[in-house]
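Visitor: Handing you a structure now.
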Amino acid sequence: MNRFEEYVKDFNTKVSIGLLLRIALLFLIVLLVKQTWPIWSYVLSVMRSILTPFLIGFIIAYILSEPVNYLEGKGISRSITIPIIYMIVIVGLIWLLSSLVPMVISRLYNLLTSITNGLSWLAHTVEVYSERVPVWFSALIDGFRTSVNDLKDIMPAISKTVPDLVSAAMNLIVQTVFTTVISIFMCFGWHQIKYHIKRGVGKISKLFSSCLTVMDYEVGTYIHSMLILMIIRFVEYSIVYMLIGHPDWMILALLTSISLLVPYLGPTVVNCLGILTALTLDPISIIILVVLIVVLSFVDEYVIAPLVHSHNTGVTPLWSLFSIFAGGTLFGATGIIAAIPAYLSIRSIYNVLIRKEGGAS
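Under the numbering used here, residues 865 to 1225 are what the sequence shown spells out, in order.
Here it is as structure tokens:
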């Protein structure tokens, strides 16, 4: 018997009619889904519209469950802590929308002007101290300057479109209120929700239940630590930019705080923006700003962050950058923000599987 006949015999032994029928059925299902995809796309779109408020409400309840559980552990009833925490959050958002956002919009034009002046100063300095300005440098400066001037020209037109945004804003407000109400109900029944989720997952697989428990711990710890670090960064850089007399200190401090959602890359970009917009200040202020940014970056990275983050939720720079680029490539801005929590979830599942395999061996 030659080798080909051995392959045929082995194939006939391992492949049955039932397996071929299952494969054919799978291909048939894929073909039917492809042919009826417009219908499925509409159904999925409707389901997404219905489930989105519940998903966002679940995420809000998950984030706020940490302070609620902490205060409950101190002996304060959930019926008291939940209304107080939501009231603080709602009042903070109202203050943000009523005072901070208009201030940011009004200062944005001046911020763009500062960027333009900083680029002009940089170009002039290079021309004065350099015998020959590189062509690529001049093209880069001109490109940045043109882009910023285009944004400045758009700014006056934005205010004229405000009335057209009222209806969209009302729709957003209604959806926000609905989502908030859902999250409040979920927060009140958070213990029952977690119990039923773990119970349902446990019936499916004990291993999956263990993975879910570890994911809950690591992601919850990361979110809690990230909120603390954002508050610390906002206070730090508010003091820094106020100290040097930067006119856009609150915008830059807020951007520095939010930039933590994109580790390493976000703070670096905002720090460069802060230095660029400060180039029109006196040289002493610029030197002080650069020194303070370098010192704070070192202190935040090697002192404050390790103290806030636990050892288990530490993410190496390489994996952090890989997660950010992968998340951004696959899911855009949402993927960038969710990259680190997703990486922690995958890492926790991997660690549980490794421990299980090690215990089995």
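C-beta: ideal position from N, C-alpha, C; glycine also. Being a predicted model, the structure only gives us computed values, none of them experimental.
Tell me which residues share the same chain as Ala-1117 and place their Cβ nearer than 7 Å to its Cβ, disregarding the 5 neighbours each side in the sequence.
Guide: Within the sequence shown, the letter at position 253 stands for residue 1117. For Ala-1117, where only same-chain residues beyond five positions count, the Cβ hits under 7 Å are Phe-1098, Tyr-1101, Ser-1102 and Tyr-1105.
Visitor: Thinking C-beta only, is Val-1172 closer than 8 Å to Tyr-1207?
Guide: Taking the first residue of the sequence shown as position 1, residue 1207 is located at position 343. Taking the first residue of the sequence shown as position 1, residue 1172 is located at position 308. No, the pair does not count as a contact, with Cβ atoms beyond the cut-off.
Visitor: Can you confirm whether the segment 1074 to 1083 touches the segment 1131 to 1145 when touching is taken to mean that 3 or more C-beta pairs between the two stretches lie within less than 8 Å?
Guide: No, the segment 1131 to 1145 is not in contact with the segment 1074 to 1083.
Visitor: Taking Met-1079 and Ser-1121 to be in contact with their CB atoms under 8 Å, please state how far apart those CB atoms are, rounded to whole angstroms.
Guide: As a position in the sequence shown, residue 1079 is number 215, starting the count at 1. As a position in the sequence shown, residue 1121 is number 257, starting the count at 1. Rounded, the Cβ-Cβ distance is 26 Å, inconsistent with contact.
Visitor: Cα-Cα, which of Ile-1096, Tyr-926, Phe-1189 and Ser-1149 is closest to Glu-1165?
Guide: Here residue 1165 refers to the residue found at position 301 of the sequence shown. Closest by alpha carbon: Ile-1096.
Visitor: Tell me which same chain residues have a C-beta within less than 6 Å of the C-beta of Trp-985, skipping the five on either side of it?
Guide: Within the sequence shown, residue 985 is the residue found at index 121, counting from 1. Result list for Trp-985: Leu-1143, in chain order.
Visitor: According to DSSP, is Ser-1227 helix, strand or coil?
Guide: Limits of the chain in this structure are 865 at one end and 1225 at the other, which puts residue 1227 out of reach.
Visitor: In whole angstroms, what separates the C-alpha of Leu-1125 from that of Leu-919?
Guide: Here residue 1125 corresponds to residue number 261 of the sequence shown, with the count starting at 1. Here residue 919 corresponds to residue number 55 of the sequence shown, with the count starting at 1. For Leu-1125 and Leu-919, the distance between alpha carbons rounds to 20 Å.
Visitor: Which whole-angstrom value is the C-beta distance of Phe-922 and Met-1090, which I expect to be below 8 Å?
Guide: As a first step, residue 922 is located in the sequence shown; it is residue number 58 there, counting from the start. As a first step, residue 1090 is located in the sequence shown; it is residue number 226 there, counting from the start. With a Cβ gap of about 18 Å, Phe-922 and Met-1090 do not count as contacting.
Visitor: Identify, in the order they occur along the chain, each residue of the same chain with its Cβ nearer than 8 Å to the Cβ of Gly-982, setting aside the five sequence neighbours on each side.
Guide: As a first step, residue 982 must be located in the sequence shown, where it is residue number 118. Closer than 8 Å at Cβ, skipping near neighbours: Leu-1140, Thr-1141, Ala-1142, Leu-1143 and Thr-1144.
Visitor: If we require 4 or more residues per run, which alpha helix (DSSP H) segments fall completely within the segment 1110 to 1150?
Guide: 1113 to 1122 and 1129 to 1141
Visitor: For Ser-1123, collect the residues of the same chain with a Cβ closer than 6 Å to its Cβ; drop the 5 residues on either side in sequence, then sort them by chain order.
Guide: Numbered from its first residue, the sequence shown carries residue 1123 at position 259. Beyond the five residues adjoining it in sequence on each side, Ser-1123 comes within less than 6 Å, by CB distance, of Gly-1130, Pro-1131 and Val-1134 in the same chain, given in chain order.
Visitor: Keeping to the same chain, check which residues put their C-beta closer than 8 Å to that of Gly-1007; ignore five residues upstream and five downstream.
Guide: In the sequence shown, counting from the first residue as 1, residue 1007 sits at position 143. Nothing listed; no residue qualifies.
Visitor: Please state the DSSP three-state secondary structure of Val-1083.
Guide: Translated into the one-based positions of the sequence shown, residue 1083 becomes position 219. Val-1083 carries a helical assignment under DSSP once its states are collapsed to helix, strand and coil.
Visitor: Return the Cβ separation of Ile-1048 and Ile-946 in integer angstroms, given the expectation that the two are a contact with Cβ distance under 8 Å.
Guide: Within the sequence shown, residue 1048 is the residue found at index 184, counting from 1. Within the sequence shown, residue 946 is the residue found at index 82, counting from 1. Indeed they touch by this definition, with Cβ atoms about 7 Å apart.
Visitor: Leaving out the 5 sequence neighbours to the left and right, which residues in its chain are closer than 8 Å to Val-1216 when beta-carbon positions are compared?
Guide: For the purposes of this step, residue 1216 is taken as residue 352 along the sequence shown, with counting starting at 1. These residues qualify, in order along the chain: Leu-1071, Ser-1074, Cys-1075 and Val-1078.
Visitor: Considering just the uninterrupted stretch of the alpha helix (DSSP H) at Gly-1064, what are its terminal residues?
Guide: The residue labelled residue 1064 in the question sits at position 200 within the sequence shown. 1054 to 1068 is the extent of the alpha helix (DSSP H) around Gly-1064.
Visitor: Which class does Val-1179 belong to by DSSP, given the choice of helix, strand or coil?
Guide: By 1-based counting over the sequence shown, the position of residue 1179 is 315. Correct three-state label for Val-1179: coil.
Visitor: Quick check on Ala-1202: does DSSP put it in helix, strand or coil?
Guide: Taking the sequence shown and counting its residues from 1, one reaches residue 1202 at position 338. Coil.
Visitor: Provide the residue span of the alpha helix (DSSP H) that contains Val-1167, from first to last.
Guide: Taking the first residue of the sequence shown as position 1, residue 1167 is located at position 303. Val-1167 -> no alpha helix (DSSP H), and no H or E assigned at all.
Visitor: So is Gly-937 buried or exposed if we call it buried at 16+ other beta carbons inside 10 Å?
Guide: In the sequence shown, counting from the first residue as 1, residue 937 sits at position 73. Gly-937 should be labelled exposed.
Visitor: Measure how close the beta-carbons of Ser-1161 and Gly-1109 come, nearest whole angstrom, since I'm counting them as under 8 Å.
Guide: Stepping through the sequence shown from its first residue, residue 1161 is reached at position 297. Stepping through the sequence shown from its first residue, residue 1109 is reached at position 245. 21 Å between Cβ atoms; not a contact.
Visitor: Tell me whether Ile-1108 sits in a helix, a strand or coil according to DSSP, three-state version.
Guide: Counting from one through the sequence shown, the residue named residue 1108 turns up at place 244. Correct three-state label for Ile-1108: coil.
Visitor: Report the CB separation of Glu-930 from His-1060 in whole angstroms; it is logged as a contact under 8 Å.
Guide: Stepping through the sequence shown from its first residue, residue 930 is reached at position 66. Stepping through the sequence shown from its first residue, residue 1060 is reached at position 196. About 20 Å separates the two Cβ atoms, so there is no contact after all.
Visitor: Whole angstroms are fine: how far does the CA of Trp-904 sit from the CA of Ile-1201?
Guide: Reading the sequence shown from its first residue, position 337 is the one you call residue 1201. Reading the sequence shown from its first residue, position 40 is the one you call residue 904. One C-alpha to the other measures close to 28 Å.
Visitor: Please report the straight-line C-alpha distance between Val-1038 and Val-1158, rounded to a whole angstrom.
Guide: Counting from 1 along the sequence shown, the entry for residue 1038 is found at position 174. Counting from 1 along the sequence shown, the entry for residue 1158 is found at position 294. Rounded to the nearest angstrom, the two C-alpha atoms are 44 Å apart.
Visitor: Among Phe-891, Trp-1054 and Pro-1147, which has the Cα closest to the Cα of Thr-989?
Guide: Against the sequence shown, residue 989 aligns to sequence position 125. Checking every option, the nearest Cα to that of Thr-989 belongs to Pro-1147.
Visitor: Is the distance from the Cβ of Ala-1203 to the Cβ of Ala-1190 below 8 Å?
Guide: For the purposes of this step, residue 1203 is identified with residue 339 of the sequence shown, where counting begins at 1. For the purposes of this step, residue 1190 is identified with residue 326 of the sequence shown, where counting begins at 1. Yes, Cβ-Cβ distance for Ala-1203 and Ala-1190 is below 8 Å.
Visitor: In whole angstroms, what is the alpha-carbon distance linking Asp-1112 and Leu-935?
Guide: Start at 1 with the first residue of the sequence shown, and residue 1112 comes out as number 248. Start at 1 with the first residue of the sequence shown, and residue 935 comes out as number 71. For Asp-1112 and Leu-935, the distance between alpha carbons rounds to 36 Å.
Visitor: Spatial neighbours of Val-897 within its chain, please: C-beta separation below 7 Å, excluding the five flanking residues on both sides.
Guide: In the sequence shown, the residue the question calls residue 897 occupies position 33. Here the set comprises Trp-904.
Visitor: What number of angstroms, rounded off, separates the C-alpha of Ile-944 from the C-alpha of Leu-928?
Guide: Here residue 944 refers to the residue found at position 80 when the sequence shown is read from its first residue. Here residue 928 refers to the residue found at position 64 when the sequence shown is read from its first residue. One C-alpha to the other measures close to 14 Å.
Visitor: Would you kindly check if the distance between the Cβ of Gly-1138 and the Cβ of Leu-1153 is under 8 Å?
Guide: For the purposes of this step, residue 1153 is identified with residue 289 of the sequence shown, where counting begins at 1. For the purposes of this step, residue 1138 is identified with residue 274 of the sequence shown, where counting begins at 1. Yes, the Cβ-Cβ distance between Leu-1153 and Gly-1138 is below 8 Å.
Visitor: Secondary structure at Thr-900, three-state DSSP: helix, strand or coil?
Guide: Mapped onto the sequence shown, residue 900 falls at position 36. Here Thr-900 sits in coil by DSSP.
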